[in-house]
Amino acid sequence: MSAPAIVATEVSRTYDLDGVSVPALRGVSLTIDQGDYVAIVGTSGSGKSTLMHLLGGLDRPTAGTLVIGGRDVATLSPPEMAKLRNEVIGFVFQSFHLLARTTARDNVALPLVYRGVGRRERRARAAELLERVGLGHRIDHRPNQMSGGEQQRVAIARALVTGPSVLLADEPTGNLDSVTGQSVLDLLESLNAEGVAVVLVTHDAEVADRARRRIVMRDGLIVSADPVPSAAVPPASGPRAADLPASGSPAPGSGSPGGGS
Ligand SMILES: Nc1ncnc2c1ncn2[C@@H]1O[C@H](COP(=O)(O)OP(=O)(O)OP(=O)(O)O)[C@@H](O)[C@H]1O
Ligand SMILES: [Mg+2]
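The opening residue of the sequence shown carries number -18 in our numbering; numbering runs sequentially from there.
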């Protein structure tokens, strides 16, 4: 089997706010395999976005080891990190982060500029990706002329234009109605079927149930990491003991980590 896409070992991330330290992650271990399909759930403030930013190489842990695409990020300079990100990761932000005055095509083409791809090829590849996400008819529209779902799909096209092996999506369906959300999910699943590892954060139990594995976070820790029994795609392997807290003991009071529903 090929090497994992991302391996986080006992990673912590503490934010420093005017001398007060805020421990957002408190020792999380997680392996994302090639072709994986993982849903991360947990209450607001439990550290999901912080973890996603680390997995995507947008931030560095304050402690622990993080290996992305076989490279230990602690050994990389900021430009080397940026290059690794551009090669391995596609990141979809909850709030899209599109350039408002720039067409869909140029938004999608932007990561290729950093790669030194020529203009003609950039434009062709951006158009191809927009076609893929069902926006062939919106290529020259700007984000402020598009619906939320369309903007989300532009953001996904942009994340995919570099051909990443891992797609990280923070609440990709959070702002969408159920039909549009469904089409975004279908798109992520077809990419996954082509071998792209997909990691998504969601508050929606139905969305989480479609993934192959579900990671539950609470207070900066992973409190459970299970294959999803009813997943649309069957698990590649059994339970992932490696993704449970090192101590094997979940956070206090976590009788039913899946919560409610
Ligand atoms: N830049 C920052 N500076 C200081 N504290 C931060 C920063 N970003 C996040 N935090 C804190 O870290 C903790 C985890 O935040 P994070 O954004 O990872 O939560 P989350 O699980 O993504 O929540 P949500 O579901 O609301 O998006 C929170 O207590 C938050 O207040
Ligand atoms: Mg968040």
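Even for Gly, the Cβ is constructed at its ideal location relative to N, Cα and C.
- Taking 8 Å as the cut-off, the beta carbon of L65 is found no closer than this to the beta carbon of G26.
- For I137, the three-state secondary structure derived from DSSP is helix.
- At least one heavy atom of ligand 1 lies closer than 7 Å to the C-beta of L(-2).
- Under the three-state reduction of DSSP output, T24 falls in the coil class, being neither helix nor strand.
- The alpha-carbon of G117 is positioned some 47 Å away from that of S2.
- For V3, the CB falls within less than 7 Å of some heavy atom of ligand 1.
- When secondary structure is reduced to three states using DSSP, G45 falls in the strand class.
- If one requires a minimum length of 3 residues, the beta strand (DSSP E) runs lying completely within the region 36 to 123 are 44 to 49 and 70 to 73, in chain order.
- Rounded to whole angstroms, the gap between the alpha carbons of A90 and R106 is 7 Å.
- Taking the C-beta atoms as reference points, L57 is found no nearer than 8 Å to V180.
- Annotation: D207 to Q75 spans about 25 Å, alpha carbon to alpha carbon.
- C-alpha of R(-6) to C-alpha of G8: approximately 8 Å in a straight line.
- Here Q133 is buried, its C-beta having at least 16 other C-beta atoms within 10 Å.
- Relative to ligand 1, T154 has its C-beta separated by 7 Å or more from all heavy atoms.
- Take H34, set aside five residues on each side of it, and the residues of its chain with a beta-carbon closer than 7 Å to its own are D40, in chain order.
- Sorting A186, D151 and D200 by C-alpha distance to the C-alpha of V209 places A186 at the top.
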